[in-house]
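Enquirer: The numbers in the numbering used here rise by one with no breaks, and the one at position 38 of the sequence shown is 42. Even glycine gets a Cβ: it sits at the ideal position worked out from N, Cα and C. I'd like to ask some things about the structure below.
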Amino acid sequence: MSRFGDEQWHVQPAHRDAHLQISAISWSTFPAALRQHFRTFFLAALDHPVPVEPGGRQRPAEQASVGSFPYWVIDMRVLALWLDEQGCRDLSEVRDADLASFRTYVLGWTATAAESRT
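Okay, structure coming up:
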């Protein structure tokens, strides 16, 4: 099993279906300044129930699935790289306005993809 500070987390041993292939989390693909923050997020997701928004699909007190981590990593890497480009070195610096800008950035991908198909 991997340790917190490892550059790769092999999470497959934590998955209840041993026959499934679960990709390792490679922290070297995250900006160095933000790696510790995102490692902490993923460790917290392993150890604690995920907060549920009203109307959300997840049940209260439900923990994240290890099998969903590779998908979360993709999304979180996009956020981490964007934050790094904005000069953010600490997640505590992120404000509502930053998240609104990130939302606009991501929604711009959809608009660009739709335009390229026409």
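1. Helix, strand or coil for serine 30? Go by DSSP, reduced to three states.
2. The ligand FAD heavy atoms versus the CB of serine 32: any closer than 6 Å?
3. Can you give me the C-alpha to C-alpha distance between aspartate 88 and arginine 99, rounded to a whole angstrom?
4. In this structure, what does DSSP give as the bridge partners for tryptophan 76?
5. Might you give, ordered along the chain, the residues of its own chain that have their beta carbon closer than 8 Å to the beta carbon of proline 35, omitting 5 neighbours on each side?
6. Is it right to say leucine 38 is buried, meaning 16 or more other beta carbons lie within 10 angstroms of its own, or is it exposed?
7. Give me the Cα-Cα distance between tryptophan 113 and glutamine 90, rounded to the nearest whole angstrom.
Expert: So, to answer that:
1. strand
2. The ligand FAD is not part of the structure shown, which contains no ligands of any sort.
3. 14 Å
4. In DSSP, tryptophan 76 forms no bridge with anything.
5. Ala84, Leu85, Leu87, Asp88
6. buried
7. 18 Å
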